[in-house]
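Asks:
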Amino acid sequence: MKTRYCYLISLIVFVSSCATTINQSAVTTIASSSESTTQATINDQLTTDELLSELMLAVEDLSKTMQKTERRQVSQQLARVLSLSDVISPKILATSEQLASDFDRIINLTKSAVERNRPADADKALRFLPLIIESLKALK
């Protein structure tokens, strides 16, 4: 009986500690449809490690730009992150399904950072991406 209460209390503490803070003071702008964006291409000759380091830089830039609330640049950087993840994801999936699932969560954090204007999600993605990279290197 005591263990049930301990589990219940632990669950309540864990769930309440995962509260999310939304930055309401951030200025948002809508890009006009007349603006054109150029999508950079990804070099297929790069190794997985090189692609992951590129992704790390892209997520870091996204996180920094989210703090400055520059929506146009944020959208471009998200496009860069997504294009890199499209190339990297199959390579990670071939190595480990669990790492691929964790990688997808990180990419989803970058998406929610931009779509919901949540800079903390970009910071979380930046904090968790090195863990994926280290785990991937350990499996090789």
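168 is the number of the first residue of the sequence shown in my numbering; add one for each residue after it. Just so it is clear, CB atoms sit at the ideal spot from N, CA and C, and this is done for glycine as well. All values reported here derive from a predicted model rather than from experimental measurement.
With a threshold of 8 Å on Cβ separation, who are the neighbours of S203 within its own chain once the five nearest residues in sequence on each side are excluded?
Replies: For S203, the pLDDT reaches just 43, beneath the cut-off of 50, and the residue's location in the model is therefore unreliable, leaving the point undetermined.
Asks: What residues in its chain sit with their C-beta under 8 Å from that of E227, if we drop five residues either side in the sequence?
Replies: Here the set comprises L293.
Asks: Looking at Q244: is its Cβ nearer than 7 Å to the Cβ of T232?
Replies: yes
Asks: Going by DSSP, what residue range makes up the alpha helix (DSSP H) through E264?
Replies: E264 to E282
Asks: Can you check which of these residues, P297, K307, V281 and L260, is closest to L222 by C-alpha distance?
Replies: P297
Asks: Verify whether the separation of the beta carbon atoms of S220 and A289 is less than 7 Å.
Replies: no
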